[in-house]
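Comments concern the structure below.
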Amino acid sequence: DPRIGIRITRHVRDLAVVILLDLSESTNEPIDKDDEDGPTILSLTRESTGLLAWAIDSIGDAFAVHGFASDGRHDVRYHRFKNFDEPYDDAAKARLAGMTGGLSTRMGAALRHAGWHLNQQPATKRLVLLITDGAPADIDERDPQYLRHDAKKAVEDLAAQGVYTYCLTLDADADRYVARIFGENRYSIVDRVEKLPERLPAVFAALTG
Numbered sequence: 002d003p004r005i006g007i008r009i010t011r012h013v014r015d016l017a018v019v020i021l022l023d024l025s026e027s028t029n030e031p032i033d034k035d036d037e038d039g040p041t042i043l044s045l046t047r048e049s050t051g052l053l054a055w056a057i058d059s060i061g062d063a064f065a066v067h068g069f070a071s072d073g074r075h076d077v078r079y080h081r082f083k084n085f086d087e088p089y090d091d092a093a094k095a096r097l098a099g100m101t102g103g104l105s106t107r108m109g110a111a112l113r114h115a116g117w118h119l120n121q122q123p124a125t126k127r128l129v130l131l132i133t134d135g136a137p138a139d140i141d142e143r144d145p146q147y148l149r150h151d152a153k154k155a156v157e158d159l160a161a162q163g164v165y166t167y168c169l170t171l172d173a174d175a176d177r178y179v180a181r182i183f184g185e186n187r188y189s190i191v192d193r194v195e196k197l198p199e200r201l202p203a204v205f206a207a208l209t210g
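Each position in the sequence shown, counted from 1, maps to that position plus 1 in our numbering.
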């Protein structure tokens with residue numbers, strides 16, 4: 002029947018994402034303050050990231066898993082557990098398993114570096130998914146507002162380059178600052194850390210679906 006038309010639409014996911022992990026000293030704290038030998042924030046973050054990495058790898062999106070910690074403005078340590086050009090294989094999983102927490106959280110510098118890696122990718126959609134347990138902080142800066150403004154400026158600069166930044170924070174008190182840094186609707190607060198393994202994939206799916 003000539004009155005019937007057929008249109009075929011191909012949906013292609015053209016996405017590159019950096020999962021950026023806060024590896025500061027506070028991530029070594031146990032989830033249950035009354036159980037010092039129980040799982041830590043870092044161990045749960047590692048587990049959750051491993052699950053998300055497996056899911057992204059199955060989908061076929063380009064992704065990297067990086068982490069950061071700092072010891073002043075001249076010593077921001079940026080760790081690359083899995084790069085874009087590397088498979089998510091046993092070597093990458095071993096690097097993730099060996100990650101440790103320590104030092105401080107100079108967030109703005111880490112976001113800029115993650116953005117640089119993303120901007121080397123040909124994807125039309127580029128995302129930094131930051132997982133953190135607190136506000137920007139460092140040993141050489143006493144004014145907390147300075148590093149928050151620096152992180153906000155990093156988010157704005159990345160947005161101008163076409164990089165979308167989203168924060169998943171484990172700080173139950175993040176309402177005091179997180180929206181000012183990342184903007185409305187660009188963050189989620191996980192007030193129960195043990196919910197992270199189910200919240201992280203759901204956030205990723207909502208951002209990229």
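C-beta: ideal position from N, C-alpha, C; glycine also.
Handout entry: C-beta contact flag for glutamate 195 and isoleucine 32 at 8 Å
Key = For the purposes of this step, residue 195 is taken as residue 194 along the sequence shown, with counting starting at 1. For the purposes of this step, residue 32 is taken as residue 31 along the sequence shown, with counting starting at 1. Closer than 8 Å, so yes.
Handout entry: CA-to-CA distance, isoleucine 132 to leucine 150, given in whole angstroms
Key = Along the sequence shown, one-based indexing puts residue 150 at 149. Along the sequence shown, one-based indexing puts residue 132 at 131. Here the sequence assigns histidine to residue 150, which means leucine is not the residue at that position. About 18 Å.
Problem - Among Asp91, Ser25 and Gly116, the one whose alpha carbon lies nearest that of valine 18 - result: One-based indexing of the sequence shown puts residue 18 at position 17. Checked all of Asp91, Ser25 and Gly116; the closest Cα to valine 18 is Gly116.
Exercise for the section: Could you pull the start and end residues of the alpha helix (DSSP H) that phenylalanine 82 belongs to? Expected result: Sequence index remark: in the sequence shown, residue 82 carries index 81 (1-based). Counting along the chain, no alpha helix (DSSP H) covers phenylalanine 82; the unbroken beta strand (DSSP E) around it starts and ends at 77 to 83.
Handout entry: Three CB pairs or more closer than 8 Å across the stretch 42 to 60 and the stretch 136 to 151
Key = By the C-beta criterion, the stretch 42 to 60 is judged not to be in contact with the stretch 136 to 151, since fewer than 3 inter-stretch pairs fall below 8 Å.
Exercise for the section: Please work out which residues of its chain come closer than 8 Å, Cβ to Cβ, to leucine 21, disregarding the five sequence neighbours upstream and downstream, and give them in chain order. Expected result: Within the sequence shown, the letter at position 20 stands for residue 21. The answer, listed in chain order, is His67, Gly68, Phe69, Ala111, Leu112, Ala115, Val129, Leu130, Leu131 and Ile132.
Handout entry: Anticipated Cβ contact below 8 Å, arginine 107 with leucine 119, distance rounded
Key = Position 106 of the sequence shown holds residue 107. Position 118 of the sequence shown holds residue 119. Contact doesn't hold; Cβ gap of about 19 Å is too wide.
Problem - Neighbourhood of leucine 201 by C-beta distance below 8 Å, restricted to the same chain and skipping five residues each side - result: Numbered from its first residue, the sequence shown carries residue 201 at position 200. Take leucine 201, set aside five residues on each side of it, and the residues of its chain with a beta-carbon closer than 8 Å to its own are Ser49, Thr50, Leu52, Leu53, Ile132 and Leu169, in chain order.
Handout entry: Interface flag, cysteine 168 vs chain B, CB-CB below 8 Å
Key = Reference to chain B is not applicable here, since this structure consists of a single protein chain.
Practice task
Go ahead and pull the three-state DSSP assignment for proline 137.
Solution key: If you number the sequence shown from 1, residue 137 lands on position 136. Proline 137: coil per DSSP, three-state reduction.
Problem - Selected residue, minimal CA-CA separation from asparagine 186, among Leu197, Val204 and Asp172 - result: On the sequence shown, residue 186 is found 185 positions in, with the first residue counted as 1. Ranking Leu197, Val204 and Asp172 by CA distance to the CA of asparagine 186 puts Val204 first.
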